[in-house]
Each structure stands twice: as structure tokens, then as C-alpha cells.
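Chemist: Protein chains in written order, with our numbering: chain A, 1 to 109; chain B, 110 to 345.
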Amino acid sequence: MITDKTTLWIVIVLLGAGTFLIRFSFLGLVGSRELPEWLLRHLRYVAVAVMPGLIAPLVVWPAATGGNLDPARTIAALVAFAVGIWSKSVIGAILGGMGALYLLLYLLG
Amino acid sequence: MHISNSKSAFWSGFRDGSPFILVVVPFALLFGVIATEAGLDLVETMSMTVMVIAGAAQFTAISLMQDHAPTFIVLLTALAVNLRMAMYSAALVPHLGKAPLWVRALMSYFMVDQAFAVAFKKYEEMPEMPVRLKVIYYFGSLTPIVPLWYLFSYVGAVLGGQIPPEFALDFAIPITFIALTAPIMRSLPHFIAALVSIIAALALVWVPYNLGLIIAATLAMISGAQVEVWLKRRQA
Chain A
1 MITDKTTLWI VIVLLGAGTF LIRFSFLGLV GSRELPEWLL RHLRYVAVAV
51 MPGLIAPLVV WPAATGGNLD PARTIAALVA FAVGIWSKSV IGAILGGMGA
101 LYLLLYLLG
Chain B
110 MHISNSKSAF WSGFRDGSPF ILVVVPFALL FGVIATEAGL DLVETMSMTV
160 MVIAGAAQFT AISLMQDHAP TFIVLLTALA VNLRMAMYSA ALVPHLGKAP
210 LWVRALMSYF MVDQAFAVAF KKYEEMPEMP VRLKVIYYFG SLTPIVPLWY
260 LFSYVGAVLG GQIPPEFALD FAIPITFIAL TAPIMRSLPH FIAALVSIIA
310 ALALVWVPYN LGLIIAATLA MISGAQVEVW LKRRQA
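#1: Would you kindly report the start and end of the unbroken alpha helix (DSSP H) that includes Asp222 of chain B?
#2: Using the rule of at least 16 other Cβ atoms within 10 Å of the residue's Cβ for burial, across every protein chain shown, is Leu210 of chain B buried or exposed?
#3: In whole angstroms, give me the CA-to-CA distance for Ala329 of chain B and Arg44 of chain A.
#4: From Val264 of chain B to Leu289 of chain B, what distance separates their C-alpha atoms?
#5: By Cβ distance, which residues of its chain are closer than 8 Å to Ala82 of chain A, with the 5 residues on each side in sequence left out?
#6: Taking C-beta to C-beta, are Ala326 of chain B and Val11 of chain A nearer than 8 Å?
#7: Hey, does Leu43 of chain A have any beta-carbon neighbour from chain B nearer than 8 Å?
#8: Quick one, which of A:Thr3, A:Gly31, A:Met1 has its alpha-carbon nearest Pro208 of chain B's?
#9: Chain A beta carbons: is any one of them nearer than 8 Å to that of Thr145 of chain B?
#10: Using only the alpha-carbon positions, how far apart do Leu320 of chain B and Ala118 of chain B sit?
#11: Quick one, which of B:Ile323, B:Glu233, B:Pro317, B:Val338 has its alpha-carbon nearest Val305 of chain B's?
#12: Which residues of chain A have a Cβ atom closer than 8 Å to the Cβ of Ile182 of chain B, listed in chain order?
#13: Kindly give me the distance between the Cβ atoms of Val142 of chain B and Ile272 of chain B, rounded to whole angstroms, as I take these residues to be in contact under 8 Å.
#14: Under 7 Å, CB to CB, which of the residues in the stretch 286-303 of chain B have a partner in chain A?
#15: Are the C-beta of Ser217 of chain B and some C-beta of chain A separated by less than 8 Å?
#16: Using the three-state DSSP reduction, which class does Glu252 of chain B fall into: helix, strand or coil?
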């Protein structure tokens, strides 16, 4: 639970402002300028560099099972990944993953 | 559809943006539910959704705040997730750079993944389209997406508190992130970057202030870029 409301509001306001500045950066501030190739090359991998690392601990040590590896959750994560790779569909992967989780929790639980 | 005036530009954008309703509605619902489960009230959830309009970054911030990460780390990580939009912003300059500043500011606020994808594709196909119509097309493509993003975040937030624990919504955040990541694994460098990110993040959980994630992400980004360079050299 998020209980510290001051921090929460700081995050809401600064994340909103920061996100706007990123979106406005070139279109509003820098204008037409070629980005150097090395920078583009790194930017291409920001999303796949941040998101897997963010969720890996949540998958391996889920809070709901007291931080113990949980077969249902691990397999559900793999199913979501497989469906996402195969179908290229975000919603398909969410449905596949959550569907697998419910099925496994029902079968194993 | 042939684009010759404001009306056709708007409706052409609207039609091209419409398929994304199927993505935005469930995603917004999920955000509203997750935010409420994490302890945000209706005003807080809606403020975040309206001020940020970037689902992945919002999920990131919620997840890290639940983990009691320091504010600085929450912001740094969530903004890193949004850095891809700097590329969108740069890519739109040749097409929209001549629009009035306030229009560009408004377009920046609404620069969600789907609108960028739809508009950029159209601009590349029809570069000769006048700037005014390009702007109208962009807002047309947003019209079926953004209002539903707000509305269904709200619906999710209202429903959120009523969903029982059997639905295992604790795991909706990891599943959502996997779902966001898997479709963008386009090449070997993407896979290597993701793998480095996972291994390093797990190995570095002991690092205080969730800094392990920032280190892991940096290593992963460099790995992806290096593998790309290496692959290009091998081809040459």
C-alpha cells in the first residue's frame, strides 16, 4: 500500500511535468536537429532494458506468496511472454498470462 | 480515404486511431484497478492518469512506490520508461515543426504511443500533406483513444476496491509489463538487453534504494547497443 501521500503527489506532478518535457523536447525546444547515431542506438533499448529488470524480482519473489517462488505465477509469466512474442499483441499477452494464472491457481491451489 | 480538407483529415485520423480502442480500454481499466488496490484514491488516480497519460510509466511508478523506493528513483525509472518519446518528438519535427508553438505543446501533451505510430506512418506516406491537415489528422487519431483512456481509468478506479483477492491482481503488474515488453522484442539485441536486465536486476536486489534496477537497466541498454554494433560489423 502507498501511504505516503506527500511523496505520491510529488511523483504525480513531477512525472507529469517530466513526461511532458520529454514529449515536447524536440518538437518544441530543440527543433530540427539530427540525433547522433550512438544516442539513437542506446535509446532504442531503453524500454527493454528497464521493464524486464523491474518485473524480474516481482516474478521470482512474489509478495503475495511471502516472497517464495510460486509455480503458478512463474508459469503464468512465461505464458504471457510466449503469447506476447508470438501474437505481438499486448492485450493478448495480458489475457493469456492472467488466464494461465487463474487456471494454475485453480489446479494447484 | 482521400485527405483534401479539415474534415477528411480529421475522420481519416479518427478511423486510423480507432482499432487502438481495443488496447486502450482494458489497459486503462487495469491501471485504475491497480492504482486503487495500491492505495490511491479516485482524485489521485485520475490526477496521475490525466497529468502523465503514459501507462507503462504510471505502472512503473506505482510498482516502485509500493516497494517504498526513494522518490528520486521512482521518478528516474518511470521517466526512463518514457524516454522513447524523445525519439517520437524528434521524428515528428520534420512534419510538424512549422505548426504554432501552442499547437506543438498540445500535441506533445497527447503524444501517446498509438497516436505517434498512426500519425508518423501517415506523414511518411503523404509527406506533401499541408501542416494544418497533418495537425488535424493527429488530433483525429487521438479522439477515439485519449477520452477512453481517461474514462476507463476512472471506471477501473471505481471498481478497483471491489475486486476480491482471489483474482490475484497482485500479479497483474508483472503480467502487464511482460505483455508490454514481449511484442517489442524485435531482434537479437533486444533479447540480449532484456536478458542482461533480468540477470543484473536479480543479482543486484541487495543494492539499497532500488539503485540495482538503474544499474541493471544501464548495463542492459549498453549491451543492446553493443550487440547491434557487433551484428552490423559482422554483416559488413
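Built from N, CA and C at the ideal position, the CB exists for glycine as well.
Computed from a predicted model, the values in this text were never measured in an experiment.
Modeler: Here's the rundown:
#1: 222-234
#2: exposed
#3: 11 Å
#4: 22 Å
#5: Gly96
#6: no
#7: yes
#8: Note on residue identity: the sequence assigns Ala, not Pro, to residue 208 of chain B. Closest by alpha carbon: A:Gly31.
#9: no
#10: 47 Å
#11: B:Ile323
#12: Per Cβ cutoff of 8 Å: no residues; Ile182 of chain B is ~11 Å from chain A at best.
#13: 6 Å
#14: Phe286, Ile287, Ala288, Leu289, Thr290, Ala291, Pro292, Ile293, Met294, Pro298, His299, Ala302, Ala303
#15: yes
#16: Per the sequence shown, the amino acid found at residue 252 of chain B is Thr instead of Glu. Coil at Thr252 of chain B, not helix or strand.
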